[in-house]
Every structure is written in C-alpha cells, then in structure tokens.
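Report on the structure given below.
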Ligand code: SF4
Ligand code: SF4
Ligand code: SF4
Ligand code: SF4
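Protein chains in written order, with the working numbering: chain C, 1 to 661; chain D, 1 to 210.
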C-alpha cells in the first residue's frame with residue numbers, strides 16, 4: 001500500500017487561486033506518480049516466521065517494582081518468572097521501617113506494604129519465584145528467550161521467556177566517599193542506616209549504635225548529590241527530601257521533644273509530598289535552608305553549615321546525623337567501557353582481562369548478544385530509553401526497565417513504572433509471537449534482509465543498529481534477529497553497498513519515488529526540492545500544518561522515511577544528479593536531549609550525511625543544496641516557514657546545473 | 001532585665017521557637033513558614049524604611065534561636081497592617097498578626113526598642129483609649145505632637161492647623177476635650193474590669209504570672 005497525500009500535502013497547503021492552480025496541479029500529479037512508483041517497487045510483507053510463542057514474562061528483581069510488575073502481569077493472565085538475588089522478596093522497601101504515605105491525608109509515614117505484596121505473590125499460581133537466584137545467560141530473542149537461572153546451592157534451570165522486565169533497583173551512594181560529611185564516622189548514618197535503627201526501635205525512642213537514646217538529630221540533604229563539581233552524583237535522587245521528612249517524623253512521633261532539624265538547599269516535595277511536608281512542620285520539625293560544609297561524628301556530632309536565609313555560619317550539635325545520599329542504579333556494566341576492556345583483553349592485557357571479569361560479574365541480564373551483556377546506558381548509569389514517548393523502553397527489544405534502574409524515583413513512582421512496563425512487555429510478547437514489530441512501528445510485519453552475496457562484511461549494520469538486533473554468523477555475515485528488530489531501517493541507511501532492504505521499504509521504493517517526480521527544465525523557473533521527512537515527528541508535523549491550512553512552497557516533494565537513520569546517501573546524490581535543486585532532511589533532535597524514536601537513528605543518519613558534503617564539492621554544487629533540519633512534532637507553524645525560507649535560498653542559488661542531463 | 005523576661009528565659013532555656021509559639025499571638029504559625037520569601041517581596045514598607053529583617057527572615061531567626069536579635073528588632077514595629085503578605089502567603093501564615101504579636105511580646109518583656117515612633121503611638125493610643133473607654137482625639141494629638149518638646153509640637157500643630165479647623169467645623173473634633181476628662185463611656189468601671197479579666201485569662205492561657 002502506498003499513500004499519495006493529496007489533501008494535507010497539496011490541497012490544504014496551497015491557496016485556491018487561479019495563479020496557484022498550475023503549480024498545485026503539478027504537485028498533485030507528482031504525488032500520484034510517486035505513489036504508483038512506490039507501490040510497483042514494493043511487495044507485501046510476508047511476516048517473520050522465525051518467531052517464538054513464549055508468553056511468560058521474566059522479572060529480574062524482587063523489590064517493589066519487580067513485585068508490582070509480576071502481580072500486574074499475572075492479573076492480566078500472563079505467567080511470570082520472578083527472580084530475586086537475595087533470600088527474600090521485598091528489596092529496598094523491605095528494609096524501610098515505614099514508607100512515605102501515598103494516600104490521604106498524607107500526614108504520617110505508612111506501613112511499607114511489602115508483606116502484603118509478598119503474600120499476594122505467594123498465593124499467585126501464575127508467578128514462579130526463584131530466590132537467591134541470578135540470570136547467568138539470556139539467549140534468543142523476544143518471544144523465544146532462553147534464560148538460564150542459577151540458584152544458589154541448586155542446579156541451573158532454563159526458562160522459556162517471552163519478554164523481560166529489568167527491575168534491578170539501586171544501591172545507596174557509598175557514604176565512605178563523603179568523609180567531609182562525616183561518612184564512615186560514628187553516629188553518622190545514611191538514610192538506609194537510619195531505617196535500620198528505626199526498625200530496631202520498633203516505634204519506641206530511636207537509639208544510636210552505642211545504645212544512647214537520640215535527643216537531637218540533623219538531616220543533611222543532597223549529601224553527595226546535585227554535585228556541580230561532578231565528583232559525586234550530579235543528579236537529584238528525588239525521593240530523599242521526602243524520605244528525610246518521613247524519618248524526622250519517626251523521631252517526633254516517638255517523642256515530640258526530640259530536636260529534629262533538616263538542612264536543605266532546595267526542598268523538593270513533588271505531588272502530595274507537599275502535604276507531608278506541611279504535616280512535618282506542624283509536628284515541629286525544623287527546616288533550615290543551608291549548605292553543610294562539614295560534619296564530624298562521634299559522641300557529640302557537629303554539623304557546620306551556612307544558613308542561606310540569614311547568611312551566617314552556624315554549628316549544630318546533634319546526637320545523630322543522617323546523610324541523604326543518592327541512588328546508584330544497578331544497570332550492569334557500561335557497554336562502552338566493557339567493549340574497550342574487551343578489546344584490550346583480546347590484545348593480551350592482563351589488567352584488562354581482570355577488569356572484564358570484574359565488570360561481567362556486575363551483569364544483570366548476561367545477554368548473549370554481540371552488542372554486550374546488558375542494556376545500553378544513557379546518563380549517569382541509568383538505562384537509555386526514549387524518555388518522552390517510551391519511558392520504559394530500553395534499547396533492547398522486549399526488555400523493559402522499571403523503577404530506579406531507569407531514573408531515580410520513590411516507591412509510588414516505581415509502582416506506577418512497574419505497571420507501565422508490564423503493559424509494554426505484554427504487548428511486546430504478543431507482537432513477537434505474531435512476527436510483528438514492537439513500537440514505534442507496532443504491528444509492522446516487514447523486516448530487513450540482506451543480500452549476502454553483495455555484502456562486504458563491513459559490519460556497519462551490526463554496529464549501527466540502535467537495538468542490537470544484528471549478530472554475526474559463523475561466516476562473519478550479519479545475522480538478523482527479526483524479533484529484536486524495530487524496523488527503523490538504520491541498517492539499510494548504513495549499508496554502503498545497499499544490500500539491506502525491507503519488502504515494503506528499500507533503496508528502490510524511495511528511489512522510484514524520487515525518479516517519479518517530473519523535473520521541469522532549467523528555464524521553467526520551477527525548482528524542485530526533495531524533502532525526506534521522518535515519519536514519526538516531521539511528517540505528522542507537516543500533516544498538521546496542512547490541517548491548519550499553513551501554506552508552503554509548491555516546489556517541494558515530500559517522501560516520508562522511517563527514520564533519518566534509514567536515509568541512504570544514494571538517495572541524495574541520485575536526486576541532485578537528476579536535477580533536483582535542493583534536498584531537505586527532516587529528523588528528530590539528537591544528542592543529550594534526543595527525541596529520535598529509534599534513539600540513535602537520527603544521530604547516525606546525520607553523521608552519515610555530514611560526509612556527503614565532499615561529494616557535493618566533487619559535483620561542483622553549493623553546500624546549501626543539502627539542508628538538515630531538526631524537527632519536533634510541535635513545529636506545525638514554524639515548519640512551513642522554514643520550508644519557504646529554504647525555497648527562497650534555492651532561488652537565490654539558482655537552478656541546478658544537472659537538469660536534463 | 002524585666003521580671004517577665006527573666007521568667008521566660010528560665011522557662012524556655014534555648015528553645016526560642018517554643019517560647020514564641022506559646023507566648024506571642026499566633027506564634028504557633030511560625031513553624032509553618034516554608035521560607036519562600038513571598039511576604040518579604042510583598043511588603044510595601046520594606047523598601048522605604050529599610051527594615052532590618054523582613055518577615056521571612058524574622059521567622060528564620062526565631063527558628064535559629066536568635067532571641068535578642070528578634071525581640072530587640074524594630075522590624076515588626078514597621079508593619080503597617082496592609083495585609084499584603086497575609087493574603088499572599090502560600091502557607092496561609094497570618095503574618096500581619098504575628099508581626100504584631102512579636103511586637104507586643106517584645107514590649108511586655110521590656111526588650112522592644114525605646115523611642116520607636118510606632119511603638120510610642122501604640123502605647124499612647126492604648127493608654128488614651130482605655131482610660132475612659134473612648135479615644136480623646138485632642139489629648140492624643142497633643143501627646144503625639146509634643147513628644148519631642150514644646151517647639152517641635154507647636155511647629156507640627158501649626159502645620160496641621162487647617163486640617164484641625166476643618167475637623168472642628170465638621171464637629172469631628174471638640175476643642176473642649178482638652179480640658180477636663182473629655183467624653184467617656186457609661187461604664188468605665190466595667191471596661192476596666194473587662195480588661196483586667198482579659199489580662200488574667202491571657203496570663204492563665206500562656207502560663208504567666210498575672
Ligand atoms: S530529593 Fe532532595 S535531597 Fe534528594 S537530591 Fe533531590 S533535592 Fe537533594
Ligand atoms: S537497524 Fe533498525 S531495521 Fe536494522 S536491524 Fe536494527 S532495528 Fe532492525
Ligand atoms: S510568604 Fe509565608 S511561607 Fe513564604 S516566607 Fe513568608 S511567611 Fe513564610
Ligand atoms: S502586613 Fe505588615 S508585614 Fe505584611 S506586608 Fe503589610 S506591612 Fe508588611
């Protein structure tokens with residue numbers, strides 16, 4: 001099927017005037033020709049037959065996120081294998097005396113809720129739990145993963161798995177790295193340390209390790225967090241302000257005379273935590289805006305700080321000091337570092353060999369993928385996901401991340417996260433079983449194949465695929481894993497000999513459309529500009545521009561592409577050679593704040609295009625004949641203007657010398 | 001040091017926040033301030049009279065236990081009861097009332113700044129009004145005008161002459177009030193008894209010697 005976009009692409013973007021009629025008609029005729037040419041170059045996708053039918057969900061990690069994901073999937077009727085590396089379910093939440101309230105009236109700490117979830121899981125026939133267990137190998141692909149699970153003092157079992165949720169959680173930042181804040185000294189604890197003391201007190205007065213009842217306590221917020229020097233964590237862990245409020249309440253609820261002071265620079269109380277904060281103030285917990293410079297522990301702890309409201313230095317005495325340290329995600333080894341160590345180890349470096357072993361010991365999934373054992377990371381060790389559209393997504397198909405492994409969060413958020421991830425995982429299993437793609441091209445039956453006779457084994461496709469879908473076979477040819485593929489076409493754009501194609505999307509289907517456009521001669525004063533627009537954001541933005549009747553230049557011809565990453569440079573050189581006067585590329589933002597739906601696609605595509613300028617020079621063409629535009633789906637009003645500006649620029653440059661050759 | 005000041009210092013030791021919570025009107029709201037600074041930014045007097053400490057800062061000082069600095073401050077005496085801060089405070093802290101509560105408490109402790117003009121007005125007004133149960137405008141004005149001596153008083157009276165004459169004409173000011181007791185309410189004794197009772201109840205509520 002092909003679409004000639006006559007309404008949003010032609011009629012609605014052109015004025016209904018006699019003067020415009022001729023060019024509008026040409027535009028419409030071109031689009032009809034293009035659609036016909038595309039259809040001729042396509043075949044109907046037969047669908048991937050290399051599918052698996054497992055509908056069992058593997059959840060790695062038995063904390064709040066993991067337990068929630070398992071229960072939600074089970075409630076929907078799916079079987080779940082839940083593995084936990086310790087001897088009991090509950091994770092970090094189980095170590096908490098109480099949790100931040102998640103319901104009205106948000107005034108007092110609540111039961112941590114772990115026992116209830118564990119009981120539900122125990123009673124759930126759909127959920128199989130492995131304790132003291134870890135994943136030693138994950139082979140296969142979505143719908144047919146083969147996961148080897150090693151259980152302490154037991155045999156290794158293999159489970160057939162459809163999709164995976166990684167809920168491996170976090171560890172607290174190591175206090176010992178904060179000696180200036182008293183980390184490691186007596187009576188200076190982190191928030192988890194305080195939970196242990198509170199558990200021991202069981203609602204009574206909280207005592208320190210030396211048995212003394214605590215009469216005064218100081219909380220130091222952002223300890224080793226939001227660190228501009230980058231020596232410690234650069235980010236905010238989000239939960240710790242609320243957690244300190246909760247912990248200060250432990251003291252006040254047991255004995256209102258305990259002096260509790262919270263030292264903060266910004267108190268961050270998202271959502272209903274604002275009510276919780278107010279309740280804490282009502283209970284007499286003192287909040288002071290100040291920067292702590294030094295903490296000394298011991299029998300009588302001292303906290304030196306500068307009060308930012310009074311602009312004055314103070315020293316507070318306390319029986320106990322609590323450091324609000326941050327969350328460090330348990331994502332597994334960084335794939336780039338691991339790759340580097342691996343290369344050095346292969347070169348015979350002994351140190352690197354030891355490093356590889358050490359890094360591999362931290363692996364969570366032990367994926368048997370050419371691209372490494374775990375999900376790729378983005379910033380600060382959290383896994384990479386499309387943070388706007390597909391937050392639970394990882395860059396490995398049918399593997400989803402939930403909870404603090406994805407970004408810092410509290411229990412309430414982790415619960416929501418786990419529910420969302422379970423839903424996505426179920427979708428992915430179902431689609432994999434039917435040989436269909438997962439989002440963003442959910443339901444797509446096409447998949448890439450390579451004409452191996454032409455393949456030069458350059459490895460570009462295997463390296464560039466953002467989702468690690470391509471392995472290598474024994475003869476060192478690319479081996480596509482259809483179920484791991486998202487159908488972005490990045491491999492197709494990357495291939496220098498153009499042997500990769502989809503049945504309904506290929507170098508030919510786009511090439512045929514480019515050729516189908518009628519190019520008027522040099523003297524017609526009717527230039528032609530080819531626009532290759534990403535189908536995820538740029539093309540819908542153009543459609544919406546049409547719906548808003550935002551007019552634009554009649555000389556452009558737009559072809560949607562799956563991703564900027566799928567753009568093969570041959571399309572551009574062919575277009576320019578055949579007399580187009582300019583080519584515009586429209587793709588999502590890339591880099592740190594990327595919005596590319598295929599994560600790396602637009603970045604890789606742009607990198608590839610940056611190489612094309614040499615070719616332009618060789619053809620004696622101006623650099624401006626190629627224009628790369630970052631487009632967001634909201635650019636409905638600005639996009640037409642940018643198109644018109646470019647069209648103007650083309651007129652300034654004059655017609656392409658390649659017309660009619 | 002006044003008796004009451006000694007008594008309170010002994011009772012609250014270093015816990016000034018608690019002292020304010022229990023002793024100053026509406027002082028129990030101080031802890032609810034979240035230090036956003038909206039009050040300080042809203043106060044119209046702040047910029048003109050160069051306050052030492054805007055409300056937000058006063059509240060922080062209370063929490064930081066800076067007893068003398070707070071009580072001896074002139075800041076709360078500068079509040080003109082415009083209620084800007086009160087209506088804007090996101091925490092609904094009754095700031096205006098606390099300002100007056102702090103001022104009043106500082107005065108009772110004998111720690112309020114001496115010769116502070118608004119304090120002088122308040123005291124004069126209170127004495128004037130409670131004496132007969134009615135405000136004697138002539139005497140009130142006299143006391144205020146002549147507080148800095150005869151010459152200054154005459155100068156001020158001359159400057160306000162036309163206003164005064166207008167008031168007399170409109171029967172808003174009776175020059176005869178200057179002599180004798182002036183007008184009064186019917187039951188002066190009753191008023192005094194009522195004020196004494198109020199004082200007693202307040203002392204009881206705040207645990208002070210009456
Ligand atoms: S939640 Fe609070 S303590 Fe934690 S990093 Fe953020 S601002 Fe700092
Ligand atoms: S690059 Fe895209 S289309 Fe190619 S194999 Fe990877 S996911 Fe599939
Ligand atoms: S406006 Fe209210 S909450 Fe904000 S600083 Fe003033 S008193 Fe505090
Ligand atoms: S009520 Fe008083 S403190 Fe508040 S804004 Fe007005 S003058 Fe300032």
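Note that the Cβ used here is the ideal one computed from N, Cα and C, for glycine as well.
Separation of residue 417(C) from residue 326(C), as counted between CA atoms: 19 Å
Three-state secondary structure (DSSP) at residue 197(D)? helix
Could you work out which residue in 16(D), 126(D) and 22(D) is closest to residue 192(D) when comparing CA atoms only? 126(D)
For residue 411(C) and residue 99(C), which I take to be in contact (beta-carbon distance under 8 Å), what is that distance rounded to the nearest angstrom? 5 Å
Among the residues of its own chain, which have a CB less than 6 Å from the CB of residue 580(C), if the five just before and after it don't count? 528 and 530
Residue 431(C) and residue 320(C) - do their beta-carbons sit closer together than 7 Å? no
Between residue 268(C) and residue 245(C), what straight-line distance do the alpha-carbon atoms span, to the nearest angstrom? 11 Å
Which whole-angstrom value describes the C-beta separation of residue 328(C) and residue 316(C), a residue pair presumed to lie in contact below a C-beta threshold of 8 Å? No, residue 328(C) and residue 316(C) are not in contact; Cβ-Cβ is about 28 Å, not under 8 Å.
Work out the CA separation of residue 649(C) and residue 606(C) for me, nearest whole Å. 21 Å
Element boundaries [alpha helix (DSSP H), containing residue 12(D)]: 3 to 12
With which residues is residue 408(C) paired in a DSSP beta bridge? None, per the DSSP bridge assignment.
Cβ shell of residue 669(C) (< 6 Å), same chain only, five flanking positions each side left out: Examination of residue 669(C) is not possible in this model, given that chain C is present from 1 through 661 alone.
Please report how far the alpha carbon of residue 618(C) lies from the alpha carbon of residue 271(C), in whole angstroms. 59 Å
Is residue 278(C) near ligand 3, judged by its Cβ being under 6 Å from some heavy atom? no
Of all Cβ atoms in chain C, is any one closer than 7 Å to the Cβ of residue 76(D)? no
For residue 583(C) and residue 575(C), I'd like the C-alpha separation in whole angstroms. 8 Å
Compare the Cα-Cα distances from residue 665(C) to each of 546(C), 455(C), 599(C) and 556(C) and report the closest residue. The first residue shown for chain C is 1 and the last is 661, placing residue 665(C) beyond what the model contains.
Assign residue 247(C) to buried or exposed, taking buried as 16 or more other Cβ atoms, counted over all protein chains shown, within 10 Å of its Cβ. buried
Given that residue 60(D) touches chain C, what residues does it touch there, using C-beta distances under 9 Å? 288, 289, 307, 309 and 310
In chain C, what lies closer than 9 Å to residue 57(D) by C-beta? 309 and 310
Any idea if residue 189(D) is buried or exposed, counting beta-carbon neighbours within 10 angstroms, 16 or more meaning buried? exposed
Kindly examine ligand 2 and report whether one of its heavy atoms sits closer than 6 Å to the Cβ of residue 467(C). yes
Roughly how many angstroms lie between the CA atoms of residue 106(C) and residue 113(C), to the nearest whole one? 15 Å
Which residues bound the beta strand (DSSP E) around residue 219(C)? 216 to 220
Nearer than 6 Å: is that true of the beta carbon of residue 98(D) relative to any heavy atom of ligand 6? With respect to small molecules bound, the structure shown includes ligand 1, ligand 2, ligand 3 and ligand 4 and not ligand 6.
Do you know how far the Cα of residue 507(C) is from the Cα of residue 498(C)? 7 Å
Contact list for residue 211(D) against chain C, beta-carbon separation under 7 Å: The structure shown does not extend to residue 211(D), since chain D spans only 1 to 210, so no value can be given for it.
Could you pull out every unbroken alpha helix (DSSP H) segment of at least 4 residues lying fully inside the region 35 to 82 of chain D, listed in chain order? 38 to 42, 55 to 63 and 67 to 71
Determine the DSSP secondary structure at residue 662(C), reduced to helix, strand or coil. Since the displayed chain C opens at 1 and closes at 661, residue 662(C) lies outside it and no answer follows.
Contact check, residue 62(D) vs residue 87(D) under 8 Å by CB: the rounded distance? About 22 Å separates the two Cβ atoms, so there is no contact after all.
With hydrogens ignored, establish whether the beta-carbon of residue 470(C) is closer than 6 Å to any heavy atom of ligand 2. yes
Burial state of residue 149(D) (16 or more Cβ within 10 Å): exposed
Opposite residue 51(C) in the DSSP bridges: which residues? None, per the DSSP bridge assignment.
Less than 8 Å between the CB atoms is what I'm expecting for residue 509(C) and residue 41(C), so what's the real figure, rounded? 4 Å
Can you tell me where the beta strand (DSSP E) holding residue 587(C) begins and where it ends? 582 to 587
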